[in-house]
Amino acid sequence: MTKLTLGTHPFLLGFEQLERLVERTAKASGDGYPPYNIEQTSDRSYRITLAVAGFAEADLSITVEDSQLVVRGRQSDAGSERVFLHRGIAARQFQRSFVLADGVEVGGAVMENGLLHIDLSRQPADSVVQTIRIKRSGK
33 MTKLTLGTHP FLLGFEQLER LVERTAKASG DGYPPYNIEQ TSDRSYRITL
83 AVAGFAEADL SITVEDSQLV VRGRQSDAGS ERVFLHRGIA ARQFQRSFVL
133 ADGVEVGGAV MENGLLHIDL SRQPADSVVQ TIRIKRSGK
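If you count the sequence shown from 1, position 60 lands on 92 in the numbering used here, and the numbers rise without skipping.
Following this line, the structure appears as structure tokens:
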């Protein structure tokens, strides 16, 4: 049995990039840390909420790279001289990625009670109608 890809289907011309996005999403980190929610806040807006207890704003970075929202967290090792008798709260770094569709923009981010909220909005698509003129062949 042959594998049908988006680039080989006759009705899906130019969708090779979508196939690459699906593959990239499938390879994304699956460790589940930090946990997150995605909610739709209106017809064209969304909010991603990550549970980042123990991280300060300076420990977090949010970037958009090639239509991918990337949230990274790295806690500073300021208390390295502390002696723990029990360490149940892990100070580990993370990277969480979300693939964004065309037209989705990051509106801003807010830290609140150990939760990082990232607001996204989708711009309405422009309706484009184009008429193609038919030329005569050179004969």
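Ideal Cβ positions, reconstructed from N, Cα and C, are used throughout, including at glycine. In this text, all values refer to a predicted model and were calculated from it rather than measured experimentally.
For residue i, write down the residues that DSSP places opposite it in a beta bridge.
i: V136; result: R154
i: Y68; result: L82
i: H149; result: T81, V142
Could you pull the start and end residues of the beta strand (DSSP E) that residue i belongs to?
i: R128; result: 126-131
Can you tell me whether residue i is helix, strand or coil according to DSSP?
i: Q162; result: coil
i: L117; result: coil
i: R52; result: helix
Going by other Cβ atoms of all chains shown within 10 Å of its Cβ, with 16 needed for buried, is residue i buried or exposed?
i: R76; result: exposed
i: I80; result: buried
i: G105; result: buried
i: I150; result: buried
i: L148; result: buried
i: R128; result: buried
i: L117; result: exposed
Whole runs of the beta strand (DSSP E) within the region 73-115, excluding any shorter than 3 residues: 77-83, 92-96, 100-105
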